[in-house]
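*Asks:*
Number of protein chains: 2
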Amino acid sequence: MTTSPALPAAVRIVEMGPRDGLQNEKRLVSADTKVELVRRLEAAGLKAIETTAFVSPKWVPQMGDNAEVLGRVLAAAVPGVAYPVLTPNLKGFEAALAAGAKEVAVFGAASESFSRKNINCSIAESLERFRPVTEAARAAGVRVRGYVSCVAGCPYEGAVAPQAVAEVAATLMDMGCYEISLGDTIGSGNPASIARMLEAVMRRVPAARLAGHYHDTYGMAVANIHASLQMGVAVFDASVGGLGGCPYAAGASGNVATEDVVWLLNGLGVGTGIDLDALVDVAAWISAQLEREPASRVARAVLAKRAQAGCA
Amino acid sequence: MTTSPALPAAVRIVEMGPRDGLQNEKRLVSADTKVELVRRLEAAGLKAIETTAFVSPKWVPQMGDNAEVLGRVLAAAVPGVAYPVLTPNLKGFEAALAAGAKEVAVFGAASESFSRKNINCSIAESLERFRPVTEAARAAGVRVRGYVSCVAGCPYEGAVAPQAVAEVAATLMDMGCYEISLGDTIGSGNPASIARMLEAVMRRVPAARLAGHYHDTYGMAVANIHASLQMGVAVFDASVGGLGGCPYAAGASGNVATEDVVWLLNGLGVGTGIDLDALVDVAAWISAQLEREPASRVARAVLAKRAQAGCA
């Protein structure tokens with residue numbers, strides 16, 4: 001028997017639904033729906049909502065309305081809420097800046113094969129491409145968040161060395177990223193491998209500047225978040241309704257659902273400032289828009305209980 | 001940062017699919033399918049398979065073929081595999097014994113309201129009803145496993161006091177149960193509340209005689225198993241394909257899926273003796289029999305990856 005380590009008193013959740021959640025949807029979602037999704041997430045208490053991506057519409061047609069969506073979201077921005085957008089290169093950054101972005105995100109992979117197959121360059125080359133973005137962002141007073149993908153495993157290489165993750169994370173921090181989000185892109189991590197990865201990363205980057213971005217492909221995300229909390233990580237990325245499948249296994253789940261994370265944190269007595277019931281309403285609403293059931297266990301259980309209320 | 005406590009080197013999984021998994025299925029499943037399910041589970045490496053329940057077919061029609069199923073399973077029993085059956089009273093025990101049972105299970109709730117609403121008697125009265133069962137079992141050389149339900153929460157009372165769980169668990173042990181399975185019947189537990197419950201129980205019952213039986217209603221089961229492993233629990237109940245919904249919230253998930261548990265344990269380097277690929281095949285097969293998709297994330301991800309193999 002052991003005494004559990006103290007957990008953070010509060011956690012910040014960075015909502016991925018409008019961007020990571022929707023980007024692989026085949027059917028185009030209207031800008032109206034995307035803006036409405038952001039508005040409903042704000043109302044549920046989310047304070048950081050990744051809103052869109054400034055990538056080529058040739059590669060990601062779903063994000064083709066990025067300037068319109070960001071512009072409309074920012075036109076009625078809620079004070080205290082951040083609306084980061086993904087900007088993989090200088091062209092994307094300039095478009096985001098023109099649309100009013102105050103925060104952007106860049107990403108690097110911890111796996112050479114993943115980097116080469118996905119963005120056709122080495123890890124080192126990809127990081128060098130971000131340098132002009134981070135420099136331009138600093139000049140413009142725009143905050144930059146950094147993602148590291150494949151922190152636990154890679155679809156091409158299998159397990160990824162914790163040291164490789166630490167190296168990319170440290171480089172992104174040195175370039176000026178205020179926070180490094182560690183992405184288990186294919187969801188292959190477990191509480192032990194995530195803890196080993198975090199130990200290596202924390203030798204280079206303080207826990208206070210780290211976020212966990214765990215996919216629930218194999219149902220491990222909640223356990224991985226709990227393990228990360230025990231190591232002092234206090235920021236987690238999540239996607240309402242579990243939006244966003246796994247691009248490497250169609251039919252499998254993607255981002256951990258925001259409501260599953262909030263349920264865990266409520267149970268652990270860790271504050272989030274998010275209203276779980278309102279969040280489940282958002283999950284039900286966006287899932288209905290996409291004509292499917294919410295992927296999250298919490299949304300399904302809460303909605304089923306509501307449907308039965310009165311018959312107990 | 002903390003060093004993780006040592007985990008057990010190996011875990012025993014008690015498969016619940018044929019009993020807890022199927023008992024709430026509305027459409028009757030044939031005895032042939034039930035026996036075939038047990039055979040496929042044995043072939044995947046399961047060493048303990050709860051096979052059926054000796055309860056009144058008036059209350060649980062799905063288990064009406066209990067004697068036939070157990071008889072056929074035992075007629076070709078695999079050496080080293082246990083086939084426990086649920087026997088809530090002496091009448092059920094005698095029928096199970098007549099059908100050849102070598103192991104039975106009894107259950108008590110840790111919540112007074114749950115006990116009264118479900119079996120129409122107090123906790124103390126329900127435990128007294130099991131005394132003749134455990135005495136008859138001892139006389140017949142039959143092993144008895146004890147379940148405690150509602151160890152983290154109750155649908156009527158909310159949170160359940162760890163001390164109440166410890167009391168029921170200790171009573172079942174004193175009656176002669178060789179193992180006490182702690183059931184989070186409504187899945188409302190989280191790693192912190194499960195740890196508090198286990199701490200209280202372990203003051204009365206040694207960890208080596210405890211099992212975790214966690215439902216995944218709110219997606220917490222894998223995290224709860226990880227927390228329990230860290231406290232020395234080395235036996236877990238699970239249901240292939242996540243069979244078995246939550247009777248208190250139709251549409252919500254029930255038992256944690258066996259393949260999710262095996263995936264976690266494989267990742268943690270904890271032995272189970274179970275072949276994960278073969279287990280996913282069983283999940284796919286029984287789900288097809290029931291005309292649905294497997295509920296488990298691991299089964300869905302593995303099956304999706306298999307379907308894509310060749311297109312990478």
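Protein chains in written order, with full-length UniProt numbering: chain A, 1 to 312; chain B, 1 to 312.
Using N, Cα and C, we set each Cβ at its ideal position, and we do this for glycine too.
Determine the contact status of alanine 82 of chain A and glutamate 103 of chain A, defining contact as a CB-CB distance below 8 Å.
*Replies:* yes
*Asks:* Looking at the secondary structure, which residues open and close the alpha helix (DSSP H) in which histidine 226 of chain B lies?
*Replies:* 221-230
*Asks:* Measuring only the C-alpha atoms, how far is alanine 6 of chain B from glycine 269 of chain B?
*Replies:* 11 Å
*Asks:* If you drop the 5 nearest sequence neighbours on each side, which residues of the same chain put their C-beta closer than 6 Å to that of leucine 264 of chain B?
*Replies:* Cβ within range, chain order: Val222.
*Asks:* Under 7 Å between beta-carbons, which chain B residues line up against methionine 220 of chain A? List them in chain order, please.
*Replies:* Val222 and Leu264
*Asks:* Check the Cβ of serine 193 of chain B against every Cβ in chain A and list those closer than 9 Å, keeping chain order.
*Replies:* Near serine 193 of chain B (Cβ distances below 9 Å), the residues of chain A are Gly267 and Leu268.
*Asks:* Tell me, please, which residues DSSP counts as bridged to phenylalanine 107 of chain A.
*Replies:* In the DSSP output, where bridge partners are listed per residue, phenylalanine 107 of chain A has A:Tyr147.
*Asks:* Going by the DSSP bridge assignment, what does phenylalanine 236 of chain B pair with across the sheet?
*Replies:* B:Ile13 and B:Gly212
*Asks:* Within 8 Å (strictly less), CB to CB, does histidine 226 of chain B reach chain A?
*Replies:* yes
*Asks:* Would you mind telling me which residues of chain B sit closer than 8 Å to threonine 52 of chain A, beta carbon to beta carbon, in chain order?
*Replies:* Within chain B, no residue comes near threonine 52 of chain A; the closest Cβ sits about 27 Å away, beyond 8 Å.
*Asks:* Taking only the alpha-carbon atoms, compute the straight-line gap between valine 55 of chain B and alanine 67 of chain B and give it to the nearest angstrom.
*Replies:* 11 Å
*Asks:* What are the complete alpha helix (DSSP H) segments, minimum 4 residues, inside the region 58-123 of chain A?
*Replies:* Secondary structure in the region 58-123 of chain A: the alpha helix (DSSP H) runs of 4 residues or longer, each lying completely within the stretch, are 66-75, 90-98 and 112-119 in chain order.
*Asks:* How big is the Cα-Cα spacing for alanine 211 of chain A and valine 282 of chain B?
*Replies:* Distance between the alpha carbons of alanine 211 of chain A and valine 282 of chain B: 37 Å.
*Asks:* Return yes when the Cβ of asparagine 255 of chain A is within less than 8 Å of the Cβ of aspartate 216 of chain A, no when it is not.
*Replies:* yes
*Asks:* For the region 57-67 of chain A against the region 106-113 of chain A, do three or more pairs of beta-carbon atoms, one drawn from each stretch, fall closer than 8 Å, so that the two count as touching?
*Replies:* no
*Asks:* Locate the alpha helix (DSSP H) running through serine 287 of chain A, then write down its first and last residues.
*Replies:* Where serine 287 of chain A is concerned, the enclosing alpha helix (DSSP H) stretches over 276-289.
*Asks:* Can you pull the chain B neighbours of threonine 272 of chain A, defined as C-beta to C-beta under 7 Å?
*Replies:* In chain order: nothing, as chain B lies at least about 14 Å away.
*Asks:* Taking DSSP as the reference, what is the three-state secondary structure of serine 181 of chain A?
*Replies:* strand
*Asks:* The alpha helix (DSSP H) with isoleucine 194 of chain B in it runs from where to where?
*Replies:* 191-202
*Asks:* Under 7 Å between beta-carbons, which chain B residues line up against arginine 204 of chain A? List them in chain order, please.
*Replies:* Within chain B, no residue comes near arginine 204 of chain A; the closest Cβ sits about 13 Å away, beyond 7 Å.
*Asks:* Looking at the ligand ZN, does it come within less than 7 Å of valine 256 of chain A, judged from the CB to the closest heavy atom?
*Replies:* Inclusion of the ligand ZN in the displayed structure is not the case, the ligand content being empty and no account of it being possible.
*Asks:* Please look up how many angstroms separate the CB atoms of valine 35 of chain B and arginine 12 of chain B, rounded, as I've assumed it's under 8 Å.
*Replies:* That pair is no contact at about 23 Å.
*Asks:* Leaving aside the five residues before and after alanine 227 of chain A along the sequence, list all residues of the same chain whose C-beta is less than 7 Å from its C-beta, in chain order.
*Replies:* Leaving aside the five residues that flank alanine 227 of chain A on each side, the residues in its chain whose CB is nearer than 7 Å to its CB run, in chain order, Pro191, Ile194 and Ala195.
*Asks:* Could you have a look at alanine 159 of chain B and say whether DSSP puts it in helix, strand or coil?
*Replies:* strand
*Asks:* From the DSSP output, read off the bridge partner residues of glycine 153 of chain B.
*Replies:* B:Ala159
*Asks:* Answer with buried or exposed for residue 337 of chain B, where buried requires no fewer than 16 other C-beta atoms within 10 angstroms of its C-beta.
*Replies:* Residue 337 of chain B is absent from the structure shown; chain B starts at 1 and stops at 312.
*Asks:* Using only alpha-carbon positions, find the residue among B:Phe93, B:Val78 and B:Phe236 that is nearest to glutamate 42 of chain B.
*Replies:* When each option's Cα is compared against that of glutamate 42 of chain B, the closest is B:Val78.
*Asks:* Can you give me, in chain order, the residues of the region 276-309 of chain A that have a beta carbon less than 8 Å from any beta carbon in chain B?
*Replies:* Ser296, Arg297, Val298, Arg300, Ala301, Leu303, Ala304, Lys305, Ala307 and Gln308
*Asks:* Would you tell me roughly how many angstroms separate the C-alpha atoms of methionine 231 of chain A and valine 144 of chain B, rounded to the nearest one?
*Replies:* Between methionine 231 of chain A and valine 144 of chain B, the C-alpha separation is close to 40 Å.
*Asks:* From aspartate 174 of chain A to alanine 304 of chain B, what does the alpha carbon distance come to, in whole angstroms?
*Replies:* Take the alpha-carbon of aspartate 174 of chain A and the one of alanine 304 of chain B: they are about 39 Å apart.
*Asks:* Which one of A:Val302, A:Trp285, A:Leu86 and A:Glu94 has the shortest CA to CA distance from isoleucine 186 of chain B?
*Replies:* A:Val302
*Asks:* Apply the 10 Å Cβ neighbour rule to asparagine 120 of chain A and answer buried if 16 or more other Cβ atoms are within range, or exposed otherwise.
*Replies:* exposed
*Asks:* So which residues on chain A does asparagine 190 of chain B lean against when the C-beta distance must stay under 7 Å?
*Replies:* Leu264, Gly267 and Leu268
*Asks:* Would you please verify whether the beta carbon of residue 320 of chain B is less than 8 Å from any beta carbon of chain A?
*Replies:* Since the displayed chain B opens at 1 and closes at 312, residue 320 of chain B lies outside it and no answer follows.
*Asks:* List, in order along the chain, the chain B residues whose C-beta lies closer than 9 Å to that of threonine 258 of chain A?
*Replies:* By Cβ distance, chain B contributes nothing, its closest Cβ being about 12 Å from threonine 258 of chain A, past 9 Å.
*Asks:* Alpha helix (DSSP H) containing glutamine 308 of chain A: first to last residue?
*Replies:* 297-308
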